[in-house]
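Novice:
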Amino acid sequence: MILNPWEVDVKSEEDYERLVEIFGVRKIDEFILLEIQKITGELHVLLRRKFFYAHRDFDIAIKYYLNGKKFFLYTGRAPSKGKMHIGHLVPFIFTRWLQEKFDVNVYIQIPDEEKYWAKKADNYYEIREKAYEDARAIAALGFDPDKTFIFINSEYIKQLYSIAIHVAREINLNTAKKVFGFSDEATIGLPFYIALQIAPTFFERTIPVIPCGIDQDPYFRVQRDIAEKFGYYKASTILSKFVWGLNGPYTKMSSSDPNSAIFITDDKETVKRKIFKAFSGGRPTLEEHRKYGGIPDIDVSYYWLSILFEEDDRKLSEIREKYITGKLTTGELKEYTFNKIWDFLSRLQDNIKKINLDKYMYDGRLAREMWEFKFIK
Ligand code: TYM
Numbered sequence: 003m004i005l006n007p008w009e010v011d012v013k014s015e016e017d018y019e020r021l022v023e024i025f026g027v028r029k030i031d032e033f034i035l036l037e038i039q040k041i042t043g044e045l046h047v048l049l050r051r052k053f054f055y056a057h058r059d060f061d062i063a064i065k066y067y068l069n070g071k072k073f074f075l076y077t078g079r080a081p082s083k084g085k086m087h088i089g090h091l092v093p094f095i096f097t098r099w100l101q102e103k104f105d106v107n108v109y110i111q112i113p114d115e116e117k118y119w120a121k122k123a124d125n126y127y128e129i130r131e132k133a134y135e136d137a138r139a140i141a142a143l144g145f146d147p148d149k150t151f152i153f154i155n156s157e158y159i160k161q162l163y164s165i166a167i168h169v170a171r172e173i174n175l176n177t178a179k180k181v182f183g184f185s186d187e188a189t190i191g192l193p194f195y196i197a198l199q200i201a202p203t204f205f206e207r208t209i210p211v212i213p214c215g216i217d218q219d220p221y222f223r224v225q226r227d228i229a230e231k232f233g234y235y236k237a238s239t240i241l242s243k244f245v246w247g248l249n250g251p252y253t254k255m256s257s258s259d260p261n262s263a264i265f266i267t268d269d270k271e272t273v274k275r276k277i278f279k280a281f282s283g284g285r286p287t288l289e290e291h292r293k294y295g296g297i298p299d300i301d302v303s304y305y306w307l308s309i310l311f312e313e314d315d316r317k318l319s320e321i322r323e324k325y326i327t328g329k330l331t332t333g334e335l336k337e338y339t340f341n342k343i344w345d346f347l348s349r350l351q352d353n354i355k356k357i358n359l360d361k362y363m364y365d366g367r368l369a370r371e372m373w374e375f376k377f378i379k
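Residues 3 to 379, numbered by our numbering, are exactly what the sequence shown covers, in order.
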């Protein structure tokens, strides 16, 4: 298994269990779900189905909240040369829900240097353009424009740097190498970038809660060793698995492979074609399918329903049952999944056209405050 913020290759549920051990995080269990539900009234499908499956100190953030003190939310997206796909949206869908339920500020970092420094892109100016596109797609998920600040690193660098100066001093190269596994070929940008991704955890003097894929946890492990020295709070993370690509279980949904991913900009026909070509758990012939039934646990369409797009638990188990017994064909399952995904994506595409990004980046209440931000250590 390979896992660092620039390379991800997790192949099984056992690998996810091992990551919990290796990273020293905790599983999201029924106890913490109950605590969350007491406040939120309902549980987001991504939590209920344990796609967000592990955390660090989220129980502490909840206790803190119950004592009348707010935490803040922080997450991010590093644009790359490929397009943004629906997998990239998952942490933002969940963050938006947390914002609504806990009524807290959200900070969204768009580092336009990270993938360039990681040599995942060759043309910086292209990436910089993509940063605004990605920001629009994220904002269009429905974040509160007065409580959300989206910033692009190269634009907001003056304020970020005022924090990074202090963070960078506390992290030595040895730690950076141990935590991130840099090789001698890594650019010198990447070790410094650690300070830039940690910096926003010090935007407020309260607990930063960070929903993200588990690949991002190493940054915040490093943050936890220095936060208290600064008189700030250790980061809490809520960690997700990675979505499967269209090519099958535990394959990557990859920006660089159009057949593996549903892109945010894909039109109706493309989405339909991709879903109909996606790996399935159906049998080779209809006759066999009726006789032996399908296998939902390896079926990409069923997978997408189960993690996000079928919120109704009863409906999902009905689909599962019908698929296993061969009453539901692969074509019918795909049609159902397509309708669910297209319903979500077409609404998002409409919102993207209408969104006023300036509110999130410059003019909304939080954005205006953040352009005046002064770091006090
Ligand atoms: P990036 O752009 O690689 O990914 C953005 C977020 O999406 C998660 N993610 C996925 N989640 C589910 N399935 C997938 N296939 C998948 N691919 C990516 C990532 O874990 C991440 O949460 N360094 C960051 C950008 C960043 C950031 C942050 C992330 C800056 N500040 C603070 C989290 C918190 C990056 O390269 O993300």
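C-beta atoms are modelled at their ideal positions from N, C-alpha and C, and glycine is treated no differently. Quick caveat: nothing in here was measured; it's all calculated off a predicted structure.
1) Which value, in whole angstroms, describes the spacing of the CA atoms of Met86 and Lys122?
2) Among the candidates Ser319, Gly296, Gln351 and Leu350, whose CA atom is the shortest distance from the CA of Gly333?
3) Relative to the alpha-carbon of Arg285, which residue among Lys317, Ile326 and Glu271 has its alpha-carbon at the smallest distance?
4) Could you pull out every unbroken alpha helix (DSSP H) segment of at least 4 residues lying fully inside the region 78 to 166, listed in chain order?
5) Nearest-angstrom Cα distance between Lys117 and Lys132?
6) If you pair each beta-carbon of the region 162 to 177 with each one of the region 123 to 143, do three or more pairs fall below 8 Å?
7) Please confirm whether any heavy atom of the ligand TYM lies closer than 8 Å to the CB of Tyr221.
8) Opposite Tyr76 in the DSSP bridges: which residues?
9) Do Thr77 and Ile110 have their beta-carbon atoms positioned less than 9 Å apart in this structure?
10) In this structure, does DSSP put Lys279 in helix, strand or coil?
11) What residue range does the beta strand (DSSP E) around Arg58 cover?
12) What does a CB cutoff of less than 7 Å around Val181 pick up in its chain, not counting 5 residues either side in sequence?
13) On a CA-only basis, which of Thr339, Glu23, Glu337 and Ile140 is nearest Thr267? Give me that one, please.
14) Tell me, to the nearest whole angstrom, how far the beta carbon of Tyr304 is from that of Gly283; I am working on the premise that it is less than 8 Å.
15) Please name the residue in Asp314, Ile309, Ser308 and Ile190 whose C-alpha comes closest to that of Leu175.
16) Should Ile216 be counted as a contact of the ligand TYM given a C-beta to heavy atom distance under 8 Å?
17) Entirely within the region 20 to 56 and at least 4 residues each: give me those alpha helix (DSSP H) ranges in chain order.
18) Taking only beta-carbon positions, decide if Tyr294 is within less than 9 Å of chain D.
19) Might you give, ordered along the chain, the residues of its own chain that have their beta carbon closer than 8 Å to the beta carbon of Gly250, omitting 5 neighbours on each side?
20) With C-beta atoms as the reference, is Met363 less than 9 Å away from Ile154?
21) Please list the terminal residues of the continuous beta strand (DSSP E) segment that includes Gly328.
22) Do the region 54 to 74 and the region 21 to 38 make contact, defined as three or more Cβ pairs closer than 8 Å?
23) Thinking C-alpha only, which one of Lys149, Lys71, Asp124 and Gly183 is nearest Gln101?
24) Check whether the region 343 to 361 and the region 252 to 267 touch, using three or more Cβ-Cβ pairs below 8 Å as the test.
25) Cβ atoms of Phe205 and Phe94: under 9 Å apart, would you say?
26) Please tell me whether, using a cut-off of 8 Å, the distance from the CB of Gln225 to the nearest non-hydrogen atom of the ligand TYM is below it.
Specialist: Looking at the atomic coordinates:
1) 14 Å
2) Gly296
3) Ile326
4) 88 to 104, 116 to 119 and 126 to 141
5) 12 Å
6) no
7) yes
8) Tyr109
9) yes
10) helix
11) Phe54 to Arg58
12) Pro220, Arg223 and Val224
13) Ile140
14) 7 Å
15) Ile190
16) yes
17) 32 to 42 and 47 to 50
18) The displayed structure is made up of one protein chain only, and chain D is not part of it.
19) Phe281, Ile300 and Val302
20) yes
21) Careful: Gly328 lies outside any beta strand (DSSP E) and carries neither H nor E.
22) yes
23) Lys149
24) yes
25) no
26) no
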